[in-house]
Each structure stands twice: as C-alpha cells, then as structure tokens.
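> The sequence shown begins at 163 in my numbering and counts up one residue at a time.
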Amino acid sequence: GSPVQSTAPAPAFPLTSGQPPRYFHTPAAARRYALRRARHFTEPGESHVTSGTALNKSGAGSYSIAEVVKLAEAGYLRVPLFQRSFVWNSDDVRALFDSLYRGFPIGTLLLWQRYGPAGTISLGPLQLEVPEITHALWVVDGQQRVTSLLGALSPRFEGVDARFEVYFDLASEKFINPRRGIVPPRAM
Numbered sequence: 163g164s165p166v167q168s169t170a171p172a173p174a175f176p177l178t179s180g181q182p183p184r185y186f187h188t189p190a191a192a193r194r195y196a197l198r199r200a201r202h203f204t205e206p207g208e209s210h211v212t213s214g215t216a217l218n219k220s221g222a223g224s225y226s227i228a229e230v231v232k233l234a235e236a237g238y239l240r241v242p243l244f245q246r247s248f249v250w251n252s253d254d255v256r257a258l259f260d261s262l263y264r265g266f267p268i269g270t271l272l273l274w275q276r277y278g279p280a281g282t283i284s285l286g287p288l289q290l291e292v293p294e295i296t297h298a299l300w301v302v303d304g305q306q307r308v309t310s311l312l313g314a315l316s317p318r319f320e321g322v323d324a325r326f327e328v329y330f331d332l333a334s335e336k337f338i339n340p341r342r343g344i345v346p347p348r349a350m
C-alpha cells in the first residue's frame, strides 16, 4: 500500500534543524519554540517541561561558607561533566582564603538545580559517595572555589591533597601551606 501520512501540521521550526530561527514574530512564539526544544533535553527523573514556568525559575540566594561546605559534603553540590577539571594550585587556594580574611568579594556561584543520581562524584581530587537528590545544585560557575573550600575546611578530606593544607600564621597574618605533614607552631 501507500505510505501512511500524518495529518498533523509540521512544526513552524523543525526540531531537527541544527539552527534556531533568527527572530520570532512575538515573545509567545519564542517561548513556544524554547519549550519544544526543552522537551528534548530532559534527564532521567526530570519531568517534561509543560508550561512557561520552567523558563522562569531563576533566583538569587546566599549561603555561608559553612553551608557551602555542608552542601558539598552531603552531595547537594555537584560539578557537571562539561566543566573543566580542577586546576587551582596551592597559591590560588591561599589567595581565596586571603580574600575571605580581608573581606574582599570572591564572586558569586552560579548553580543549576536539577536531578542528581546516586553514586560517586568528584569535586576536583575529592571523591564523594552521594545519594540520589531530586534537586541537586550543579556548579556552573565557581567549581574552583567550592572545591577549595571543601578540601580545606572539611575534616573528611584532611591530608587528601596538599593544595588544601592551608594554615593562618598569626605573626605574619598570612595564609601559608606548610611542608607536607608539618603543622607550623604559630598556625591555627
């Protein structure tokens, strides 16, 4: 017989075309296009986008340093695979702590809330066994800072990587990295 033909109209912008349209006639057309595209990028455990609210879920919040470390230890903070690897050296880690000590801004974290499966995750050289978390926070910007804070402040990772062995010298009021295994006498 003859091939079956669909009576459904073809989408205005085919989802298989590699390029998005250059412009939209109305904001509603742009929203419809984005929603159609988003339906094709869901992960296991995520629901399909069915309304414009998914595109409107940005927000701002703040966490203390201790909260960032606790979130990372519990597996709520994760690093997506598309991120570069951890590249900071001990000088960079010390500079982060020096900025915190002096009250300098250290930048914001850009976090993406989405499903996080159970398993082993890596934050730089730090490995964690984590549970499944429906609303994990994926670090889009700030991985170097989060990893440095976790590595230096969590007792769980003491001695794992020399870059995170940071002490504050009271006499010089500077952060230092001692020789491996030696705690300076005037350090906290």
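Positions of the beta carbon are idealized from the N, C-alpha and C atoms, including for glycine.
Terminal residues of the continuous alpha helix (DSSP H) containing residue 270?
Position 108 of the sequence shown holds residue 270. No alpha helix (DSSP H) contains residue 270, which DSSP labels as neither H nor E.
> Could you name each continuous alpha helix (DSSP H) segment of 4 residues or more that falls completely within the segment 256 to 331, going from the start of the chain to the end?
Here the runs fully enclosed are 305 to 315.
> DSSP has residue 246 in a bridge; who is on the other side?
Stepping through the sequence shown from its first residue, residue 246 is reached at position 84. Paired residues: none, contrary to the question.
> Please list the terminal residues of the continuous alpha helix (DSSP H) segment that includes residue 335.
One-based indexing of the sequence shown puts residue 335 at position 173. Note, residue 335: premise wrong, no alpha helix (DSSP H); not H, not E.
> Going by Cα to Cα distance, which pick from 307, 332 and 236 is closest to residue 325?
Walking along the sequence shown from the start, residue 325 turns up at place 163. Comparing Cα-Cα distances from residue 325 to each of 307, 332 and 236, the minimum goes to 307.
> Below 8 Å, can you find three or more Cβ-Cβ pairs linking the segment 312 to 322 to the segment 331 to 341?
Because the criterion of three Cβ pairs below 8 Å is not met, the segment 312 to 322 and the segment 331 to 341 do not touch.
> Are at least three pairs of beta-carbons, each pair with one atom in the segment 269 to 277 and one in the segment 293 to 308, less than 8 Å apart?
As far as the Cβ criterion goes, the segment 269 to 277 touches the segment 293 to 308, which means the pair count is three or higher.
> Would residue 279 and residue 237 qualify as a contact pair, given that the criterion is a beta-carbon distance under 8 Å?
To locate residue 279, count along the sequence shown from 1; it is residue 117. To locate residue 237, count along the sequence shown from 1; it is residue 75. Cβ distance not < 8 Å, so residue 279 and residue 237 don't count as in contact.
> What number of angstroms, rounded off, separates the C-alpha of residue 263 from the C-alpha of residue 282?
The residue you call residue 263 lines up with position 101 of the sequence shown. The residue you call residue 282 lines up with position 120 of the sequence shown. Near 32 Å, if we compare the C-alpha coordinates of residue 282 and residue 263.
> Let me know if residue 243 comes out buried or exposed under the rule of 16 or more other beta-carbons within 10 Å of its beta-carbon.
Reading the sequence shown from its first residue, position 81 is the one you call residue 243. With fewer than 16 Cβ atoms within 10 Å of its Cβ, residue 243 is classed as exposed.
> If you drop the 5 nearest sequence neighbours on each side, which residues of the same chain put their C-beta closer than 7 Å to that of residue 261?
Looking up residue 261 in the sequence shown gives position 99. Same-chain partners within the cutoff: 268.
> Spatial neighbours of residue 258 within its chain, please: C-beta separation below 7 Å, excluding the five flanking residues on both sides.
Your numbering for residue 258 matches position 96 in the sequence shown. Excluding residues within five positions, the ones whose Cβ falls inside 7 Å are 268, 307 and 310.
> Do you know whose CA, among 286, 231 and 234, lies nearest residue 323's CA?
On the sequence shown, residue 323 is found 161 positions in, with the first residue counted as 1. Among 286, 231 and 234, the Cα nearest to that of residue 323 is on 286.
> Please classify residue 249 as buried or exposed, where buried requires at least 16 neighbouring CB atoms within 10 angstroms.
Within the sequence shown, numbered from 1, the residue matching residue 249 stands at position 87. Classification for residue 249: exposed.
> With 16 as the cutoff for other CB atoms within 10 Å, does residue 300 come out buried or exposed?
Within the sequence shown, residue 300 is the residue found at index 138, counting from 1. Its Cβ being crowded by 16 or more others within 10 Å, residue 300 is buried.
> Which partner residues of residue 239 appear in the DSSP bridge assignment?
Along the sequence shown, one-based indexing puts residue 239 at 77. Its beta-bridge partners are 299.
> If distances are taken between C-alpha atoms only, which option among 256, 275, 240 and 246 comes closest to residue 223?
Here residue 223 refers to the residue found at position 61 of the sequence shown. The residue with the shortest Cα to Cα distance from residue 223 is 275.
> With distances taken between CB atoms, is the gap from residue 266 to residue 288 smaller than 8 Å?
Here residue 266 is taken as the residue at index 104 of the sequence shown, counted from 1. Here residue 288 is taken as the residue at index 126 of the sequence shown, counted from 1. Not closer than 8 Å, so no.
> In angstroms, rounded to a whole number, what distance separates the CA positions of residue 231 and residue 221?
Along the sequence shown, one-based indexing puts residue 231 at 69. Along the sequence shown, one-based indexing puts residue 221 at 59. Near 21 Å, if we compare the C-alpha coordinates of residue 221 and residue 231.
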